[in-house]
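Colleague: Below: one structure in structure tokens.
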Amino acid sequence: RLALSQLLLQPKSTTPAIWLLDEPKNGLDSFYCLALENVMEDHLRSGGRIIAATHQPMCEHLSPQIVQLGIN
């Protein structure tokens, strides 16, 4: 949560183009999960990219290139 806060508080001009997120929704309640997805959507819309490793479902509208890996 601290890393997300630092990322979100940066001025837009210094925000990294690629966000690498590990379990970004971990520890967030449903309100803040939705808020995070909105921020992620804004970042993607402005040309940014996101690589996220998560066990929790992400909104499919965030990217047409969501890749789900599983163990068979």
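As numbered in the numbering used here, residues 13 to 84 make up the sequence shown, in order.
In this text, a Cβ means the ideal position worked out from N, Cα and C, and glycines have one as well.
Remember, predicted model here, so these are calculated numbers, not experimental data.
Specify, as a first and last residue, the run of the beta strand (DSSP E) that residue 40 falls within.
Modeller: Neither: residue 40 is in no beta strand (DSSP E) and is coded neither H nor E.
Colleague: Start and end of the alpha helix (DSSP H) containing residue 29?
Modeller: Counting along the chain, residue 29 falls outside any alpha helix (DSSP H), and DSSP gives it neither H nor E.
Colleague: Where does the unbroken alpha helix (DSSP H) through residue 18 begin, and where does it stop?
Modeller: Where residue 18 is concerned, the enclosing alpha helix (DSSP H) stretches over 14-21.
Colleague: Nearest CA to the CA of residue 66: which residue from 32, 51 and 53?
Modeller: Per the Cα distances, 32.
Colleague: Which same chain residues, not among the five before or five after residue 40, have their C-beta less than 7 Å away from its C-beta?
Modeller: Cβ within range, chain order: 48.
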